[in-house]
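K.L.:
Under this note's numbering, think of the first position of the sequence shown as 14, with each following residue one higher.
I'd like to ask you about the structure that follows.
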Amino acid sequence: MPILVMKFGGTSVATLDRIRRAAKRVGREVANGYDVIVIVSAMAGETNKLVGFVEETSPLYDAREYDAVVSSGENVTAGLMALTLQEMDVPARSWQGWQVPLITTSAHAAARIEEIPTANILKKFEEGMKVAVIAGFQGISREGRITTLGRGGSDTSAVAFAAAFGAERCDIYTDVDGVYTTDPRITSKARKLDRIAFEEMLELASLGAKVLQTRSVELAMRYNVKLRVLSSFEEMSDEAGTLVCAEEDIVESNVVAGVAYSRDEAKLTLTQVADRPGIAAAIFGPLAEAGVNVDMIVQNISEGGTTDMTFSCPVNEVKRAEKAMADAKAAGLVDFGRLVADTDVCKVSIVGIGMRSHAGVAAKMFQTLRDEGINIKVITTSEIKVSVLVDRKYLELAVQALHDAFGLDRAA
Numbered sequence: 014m015p016i017l018v019m020k021f022g023g024t025s026v027a028t029l030d031r032i033r034r035a036a037k038r039v040g041r042e043v044a045n046g047y048d049v050i051v052i053v054s055a056m057a058g059e060t061n062k063l064v065g066f067v068e069e070t071s072p073l074y075d076a077r078e079y080d081a082v083v084s085s086g087e088n089v090t091a092g093l094m095a096l097t098l099q100e101m102d103v104p105a106r107s108w109q110g111w112q113v114p115l116i117t118t119s120a121h122a123a124a125r126i127e128e129i130p131t132a133n134i135l136k137k138f139e140e141g142m143k144v145a146v147i148a149g150f151q152g153i154s155r156e157g158r159i160t161t162l163g164r165g166g167s168d169t170s171a172v173a174f175a176a177a178f179g180a181e182r183c184d185i186y187t188d189v190d191g192v193y194t195t196d197p198r199i200t201s202k203a204r205k206l207d208r209i210a211f212e213e214m215l216e217l218a219s220l221g222a223k224v225l226q227t228r229s230v231e232l233a234m235r236y237n238v239k240l241r242v243l244s245s246f247e248e249m250s251d252e253a254g255t256l257v258c259a260e261e262d263i264v265e266s267n268v269v270a271g272v273a274y275s276r277d278e279a280k281l282t283l284t285q286v287a288d289r290p291g292i293a294a295a296i297f298g299p300l301a302e303a304g305v306n307v308d309m310i311v312q313n314i315s316e317g318g319t320t321d322m323t324f325s326c327p328v329n330e331v332k333r334a335e336k337a338m339a340d341a342k343a344a345g346l347v348d349f350g351r352l353v354a355d356t357d358v359c360k361v362s363i364v365g366i367g368m369r370s371h372a373g374v375a376a377k378m379f380q381t382l383r384d385e386g387i388n389i390k391v392i393t394t395s396e397i398k399v400s401v402l403v404d405r406k407y408l409e410l411a412v413q414a415l416h417d418a419f420g421l422d423r424a425a
């Protein structure tokens with residue numbers, strides 16, 4: 014039988030009624046002739062509650078025990094889903110990560126998948142099981158300890174199982190009905206995309222779109238797993254949702270596919286940095302060791318043997334960045350004048366594979382922002398992306414203006 018992977022997020026399994034609704038969707042796919050692997054998240058709010066218990070019990074917690082606690086939410090959902098399917102006379106059983114076994118690295122709370130042996134589940138399919146319900150987000154290290162893949166890791170679990178089993182498709186059920194050209198909460202003109210290329214989705218996910226976890230898109234692109242994002246609250250249809258696929262599977266697309274944003278960004282500038290070989294490594298090495306996620310980097314022209322180095326990071330990592338730089342300066346690793354932090358900026362980005370073959374896209378973006386009186390603080394570009402930092406108060410205006418300027422409310 015062909016295999017289909019179906020993943021249900023926390024809102025899709027938040028109550029017993031929603032689990033029954035999800036189970037009916039699974040039952041329809043079984044009736045369509047599929048063996049189904051179902052990946053489930055914890056019920057909505059459950060993981061946050063478990064994380065709270067851990068932090069209240071032990072502020073400086075053992076990451077191994079953290080994983081043991083927070084992974085339990087998925088176990089509950091998997092068991093309830095399997096029971097619901099059995100009540101519908103669909104042969105199903107639940108699997109925890111260690112039972113598969115899904116082998117991961119030992120980086121607790123941020124483990125990466127190393128191997129998914131298929132023998133155990135395929136044997137059960139051969140024996141008549143029609144649905145394997147897998148607890149997402151979790152695995153087991155080679156040391157025999159339970160691990161988790163990081164928040165949103167159930168998406169990664171789903172894509173990894175689809176790749177390992179050669180699934181026909183991986184359907185991600187969530188509380189939105191697909192991938193939009195931008196956040197519909199910001200502009201009512203946002204349009205649901207029928208298809209989007211892996212590269213575009215990867216950029217959108219990394220730039221702030223919350224529909225799919227970035228690692229899941231990376232895996233899908235690497236193994237060419239077709240992903241479909243759709244709502245668990247709408248009626249099923251073959252045209253539902255958004256298909257995330259290879260670029261060659263898209264006949265026509267707009268030059269720009271979408272506008273993404275990240276609201277809580279900060280801009281940090283190191284002034285009077287010695288302009289010498291290795292200075293960038295001396296700055297960004299300590300930042301990396303401190304766990305600061307640096308994004309946009311701009312180095313000013315050298316003047317008098319010194320330069321300014323500007324970079325962006327999430328607002329909640331500014332204190333960590335300031336301490337890392339102060340420690341590096343005290344240790345004599347880097348010399349600079351001041352560290353100036355602007356914590357009232359946001360990042361707005363346009364993304365599209367069509368930008369590779371169309372000139373003037375960046376210029377049009379800059380002109381649009383100029384016409385709205387929005388000053389650009391930092392710019393970075395890639396083949397299919399242009400990102401800018403602007404004052405946070407202009408976030409909604411910038412997104413709306415760019416969405417209109419590139420005609421994203423209209424299909425190609």
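Idealized CB from N, CA, C, for every residue including glycine.
For clarity, every value in this text was computed on a predicted model and none was experimentally measured.
Just the Cα atoms here: how many angstroms apart are Ala222 and Arg241?
P.N.:
Approximately 16 Å, taken between the alpha carbons.
K.L.:
Can you round the beta-carbon distance between Val331 and Ala354 to whole angstroms, since I take them to be within the 8 Å contact cut?
P.N.:
Sure, about 5 Å apart at Cβ, within 8 Å.
K.L.:
Check for me: the alpha helix (DSSP H) holding Leu449 runs from which residue to which?
P.N.:
The question about residue 449 has no answer here: the residues shown for the chain are numbered 14 through 425.
K.L.:
Hey, Met234 and Leu283 are a contact pair by Cβ (cut 8 Å); roughly how many whole angstroms apart?
P.N.:
Contact flag wrong, Cβ pair sits at about 35 Å.
K.L.:
When you compare each of Asp30, Val64, Ala287 and Glu87 to Lys20 by their alpha carbons, which one comes out closest?
P.N.:
Considering only alpha carbons, the answer is Glu87.
K.L.:
Is it buried or exposed for Gly149, if we count other Cβ within 10 angstroms and need 16 for buried?
P.N.:
Counting Cβ neighbours within 10 Å, Gly149 comes out buried, since at least 16 surround it.
K.L.:
Give the straight-line distance between the Cα atoms of Ser400 and Ser244, rounded to the nearest whole angstrom.
P.N.:
Taking the straight line joining both Cα atoms gives about 29 Å.
K.L.:
Can you have a look at Ala171 and say buried or exposed, based on whether 16 or more other CB atoms are within 10 angstroms of its CB?
P.N.:
With 16 or more Cβ atoms within 10 Å of its Cβ, Ala171 is classed as buried.
K.L.:
For Leu98, count neighbouring Cβ atoms within 10 angstroms of its own Cβ and tell me buried if that reaches 16, exposed if not.
P.N.:
Per the 10 Å Cβ criterion, buried.
K.L.:
How many whole angstroms separate the CB atoms of Ser325 and Ala253, which I take to be in contact at a CB cut-off of 8 Å?
P.N.:
With 8 Å as the limit, Ser325 and Ala253 do not qualify as a contact, their Cβ atoms being about 37 Å apart.
K.L.:
Just verifying my parser: in three-state terms, what is the DSSP assignment at Phe21?
P.N.:
Three-state DSSP puts Phe21 in a strand.
K.L.:
Considering only residues of the same chain and omitting the five flanking positions on each side of His371, which have a CB-CB separation below 8 Å?
P.N.:
Result list for His371: Val268, in chain order.
K.L.:
Could you check where the beta strand (DSSP E) with Pro327 kicks off and where it finishes?
P.N.:
Segment Thr319 to Pro327, the beta strand (DSSP E) holding Pro327.
K.L.:
Quick one: residues in its chain with C-beta nearer than 7 Å to the C-beta of Ala293, no 5 flanking neighbours on either side, listed in chain order?
P.N.:
There are no such residues.
K.L.:
So for Lys280, helix, strand or coil by DSSP?
P.N.:
Looking at Lys280 - three-state DSSP - the assignment turns out to be strand.
K.L.:
Going by the CB atoms, is the gap between Thr323 and Val311 shorter than 7 Å?
P.N.:
A contact, by the Cβ cut-off of 7 Å.
K.L.:
In terms of alpha-carbon separation, which member of Phe297, Asp288, Gly386 and Val64 lies closest to Ala341?
P.N.:
Residue Phe297 is the option with its Cα nearest to Ala341.
K.L.:
CB-CB under 7 Å to Met378, same chain, minus the five flanking residues each way: which ones, in chain order?
P.N.:
Hits under 7 Å: Ile363, Val399 and Leu415.
K.L.:
Below 7 Å between beta carbons: does that hold for Leu217 and Gly304?
P.N.:
The answer is no: Cβ separation not under 7 Å.
K.L.:
Between the beta-carbon of Ala12 and the beta-carbon of Ile387, is there less than 7 Å?
P.N.:
What the structure shows of the chain is the stretch from 14 to 425, and residue 12 is not part of that stretch, so it cannot be assessed.
K.L.:
Decide yes or no for the touch test of the region 132-150 against the region 40-59: beta carbon pairs closer than 8 Å, at least 3 of them.
P.N.:
Counting Cβ pairs under 8 Å, three or more are found: they touch.
K.L.:
What beta strand (DSSP E) runs, 3 residues minimum, are completely inside the region 347-388?
P.N.:
Complete beta strand (DSSP E) runs here, min 3: 352-364.
K.L.:
Should Gln380 go down as buried or exposed, given a rule of 16 or more other Cβ atoms within 10 Å for buried?
P.N.:
Gln380 comes out exposed.
K.L.:
Quick one: using the 10 Å Cβ neighbour count with 16 as the cut-off for buried, is Ala301 buried or exposed?
P.N.:
Flag for Ala301 reads exposed.
K.L.:
Inspect the beta-carbon positions of Gly152 and Gln226 and report whether they are closer than 7 Å.
P.N.:
Not a contact, by the Cβ cut-off of 7 Å.
K.L.:
Give, in chain order, every unbroken run of the beta strand (DSSP E) that is at least 3 residues long and sits entirely within the region 136-202.
P.N.:
As far as the region 136-202 is concerned, its whole beta strand (DSSP E) runs of at least 3 residues are 144-148, 151-154, 159-161 and 182-187.
K.L.:
Based on the DSSP secondary-structure assignment, which residues constitute the bridge partners of Ser275?
P.N.:
Note: Ser275 sits in a beta bridge opposite Lys360.
K.L.:
If we ignore side chains and look at the alpha-carbon of each, how far apart do Leu402 and Ala334 end up?
P.N.:
Between Leu402 and Ala334, the C-alpha separation is close to 18 Å.
K.L.:
Between the Cα of Trp111 and those of Val39, Gly317 and Thr161, spot the shortest distance and give me the residue it belongs to.
P.N.:
The candidate whose alpha carbon is nearest that of Trp111 is Thr161.
K.L.:
Any chance the CB of Arg383 is under 6 Å from a heavy atom of the ligand ZN?
P.N.:
As presented, the structure is devoid of all ligands, the ligand ZN included, so that no description of it is given.
K.L.:
On the DSSP letters alone, give me the boundaries of the beta strand (DSSP E) that Glu106 sits inside.
P.N.:
First, the amino acid is wrong: residue 106 is Arg here, not Glu. It spans Ala105 to Trp108 - the beta strand (DSSP E) in which Arg106 sits, taken as one unbroken run.
K.L.:
Looking at the unbroken alpha helix (DSSP H) that takes in Lys37, where does it start and where does it end?
P.N.:
Where Lys37 is concerned, the enclosing alpha helix (DSSP H) stretches over Leu29 to Ala44.
K.L.:
Quick check on Lys360: buried or exposed, where buried means 16 or more other Cβ atoms within 10 Å of its Cβ?
P.N.:
Buried, since its Cβ has 16 or more Cβ neighbours within 10 Å.
K.L.:
To the nearest angstrom, report how far apart Thr70 and Tyr236 are at their CA atoms.
P.N.:
So the alpha carbons of these two residues sit roughly 41 Å apart.
K.L.:
In three-state DSSP terms, what is Thr90?
P.N.:
Thr90 falls in the helix class under three-state DSSP.
K.L.:
Taking DSSP as the reference, what is the three-state secondary structure of Val83?
P.N.:
Three-state result, Val83: helix.
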